[in-house]
Each structure stands twice: as C-alpha cells, then as structure tokens.
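Trainee:
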Amino acid sequence: MDSNTQMKAQDIFRETWEKLVHSDPEFIEITASFSQTEAVQESRLTEKERFLCILSALLGCQGMGMFRNVLHQAIDLGIDPVAVKEVIYQAAAYLGLGRVHDYLVAADQIMEQHGISLPLEPQGTTDEQTRFEKGLEKQVSLFCEGMAKRQTDAPPLRRNINRWLADNCFGDYYTRKGLNDQEREMITFCFILAQGGCENQLRGHTAGNLMAGNNKEKLYSAVEQCMPYVGYPRSLNAMNIIDEICKDEQ
0 MDSNTQMKAQ
10 DIFRETWEKL
20 VHSDPEFIEI
30 TASFSQTEAV
40 QESRLTEKER
50 FLCILSALLG
60 CQGMGMFRNV
70 LHQAIDLGID
80 PVAVKEVIYQ
90 AAAYLGLGRV
100 HDYLVAADQI
110 MEQHGISLPL
120 EPQGTTDEQT
130 RFEKGLEKQV
140 SLFCEGMAKR
150 QTDAPPLRRN
160 INRWLADNCF
170 GDYYTRKGLN
180 DQEREMITFC
190 FILAQGGCEN
200 QLRGHTAGNL
210 MAGNNKEKLY
220 SAVEQCMPYV
230 GYPRSLNAMN
240 IIDEICKDEQ
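Numbering (numbering that gives the first Met the number 0), first residue to last: 0 to 249.
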C-alpha cells in the first residue's frame, strides 16, 4: 500500500484503522483506493454535496461504522456542522426515529470530539401556527399543485398522513435553514435509494430533484458517490429510475 493510499485508508477507516490494517490489509487497500481515489476523481458534485450524499446514504443503509468515519473526515475537511445536522434531522422524516436516533447521538459525540460547541445555532423558520401553510407551500413548489388537492380530495383514511407530510415532513424540515432546496431534495434522494424497496418514492423525489434544479447528470453523480457505500444493486436501480423519470420529462 503506497503512502497516499495509506493516508486515505486511515481517513475512511478512522475508528477501526489499527485493527483492520493488521487483520484485513488487502480489503483496506481495495476499498480505500476505490472509494477515496477512483470514485472521488469522477465526482461532478461539490465537496459539500459529495459528503452530504454519502452521509445520507449511510443513514439510509444504516452503516453506522462508516458513518462515523466519514463524519470525522467531513469535519476535518471543513464541511459545515450545521449542514451535517440538517441531514440527520431531515432523515427522521424518511427513515424514522428508530433509525435516526443513534446517528444523532453519534454525530454529537464526534462533533464534541472535534471541539464543536453544541447545540448549534437554531435553524427553524416555522412555528405551530405556520408549519402547515409553509410546508404545503414548499411541497407544492417542489412537486405540483396536486399536493394541495391531497389535503381536500384524499380518502378520509389518508388525510392524517397527508397533513403530516405537509406540516411535519415539509413544514418542520424543508423550511429550515442550513440547506437549500436542491441540497434537501438531493439528500432525500440518497436516503431513499440507500434503503432499497422504496422505488415509488424514489420516482417522486427524482422528479422533485429535477424541479429543484438537480439535473440528470447531477443525480447520476450522486448515485456514483453513494455506490461504494450501498453497493451496485441499489445504485443501478436508482439509475434506472432516473432514466425512466428523465425520459418522461423530455
């Protein structure tokens, strides 16, 4: 293993480096060289976008060990802690509290290790009186006017969850500062692709990304940067859906 690969391997396996370098040196060399050199060289994302996508994918696939390692790396490289926290907060809407809780605790521990004072500056922009209205407004802007009709025309048994999508998913999270609409739709896309089995939702948020200004090339690059962490099957499925939706958009 050359010195450059070794340094990159120490970054990506930060918390397990000393053990793995002795037990699995070949695995470390293969995966570090691929994920930290070959894949990165092909990225068409900003460094911030790349890390946000990877952290979102690791939340989506529940890759705690790698999440911790990548978060150390992201902070070392100057990725804004506010943006990282916004990724984790928004993940609650798409992955659920059962999956997100331990990642928030881990992120807090790592940020404190890096000397970051918590809590961070508040990012909320809505309150109990405005969250539904502002959330629905954001939902309509990213998808279509049909989102508003779901509040009035949906079957009675769907009305609670449709209201929650507006006031909680969009009103509580998408209206926050710290990430813009393009970044929020991109991380949502990565949450969903990494879970697998949520193809209908991935179709919807592929369209949402296009509405937010993330084009086909950018979405492909997001998938490519997630691929070393979630594997080929889920990545290829996501690319197929991008192709399908973009064909419909043309």
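Where is the CB? At the ideal position from N, CA and C, for every residue including glycine.
When DSSP labels each residue in this structure, what does I29 get in the three-state scheme?
Mentor: The residue you call residue 29 lines up with position 30 of the sequence shown. Helix, per DSSP.
Trainee: Could you have a look at S42 and say whether DSSP puts it in helix, strand or coil?
Mentor: On the sequence shown, residue 42 is found 43 positions in, with the first residue counted as 1. In the structure shown, S42 sits in coil (DSSP, three-state: anything other than H, G, I, E or B).
Trainee: Got a sec? Which residues, its chain only, sit under 7 angstroms from A36 by beta carbon, not counting five neighbours each side?
Mentor: Position 37 of the sequence shown, counting from 1, holds the residue named residue 36. According to the sequence displayed, residue 36 carries Thr and not Ala. Excluding residues within five positions, the ones whose Cβ falls inside 7 angstroms are K7.
Trainee: Extract the residue ranges of the beta strand (DSSP E) inside the segment 111-186, only unbroken runs of 3 or more that lie entirely within it.
Mentor: The qualifying runs do not exist here; there are none.
Trainee: Closest to K176 by CA distance: which of S42, V83 and I74 is it?
Mentor: Position 177 of the sequence shown, counted from the start, is the residue given in the question as residue 176. That would be V83, whose Cα lies nearest to the Cα of K176.
Trainee: In this structure, does DSSP put D23 in helix, strand or coil?
Mentor: To locate residue 23, count along the sequence shown from 1; it is residue 24. Correct three-state label for D23: coil.
Trainee: Kindly list the residues whose CB is nearer than 8 angstroms to the CB of I244, restricted to its own chain and excluding five residues on each side of it in sequence; keep chain order.
Mentor: Locating residue 244 in the sequence shown gives position 245, where the first residue counts as 1. These residues qualify, in order along the chain: R202, T205, A206 and L209.
Trainee: Are there three or more Cβ pairs, one per stretch, closer than 8 angstroms when the segment 85-92 is compared with the segment 167-187?
Mentor: Yes, the segment 85-92 touches the segment 167-187.
Trainee: Whose C-alpha, out of Y173, A31, I241 and L218, is nearest the C-alpha of C52?
Mentor: Against the sequence shown, residue 52 aligns to sequence position 53. Closest by alpha carbon: L218.
Trainee: Does DSSP classify G97 as helix, strand or coil?
Mentor: Looking up residue 97 in the sequence shown gives position 98. Residue state, collapsed to three classes: helix.
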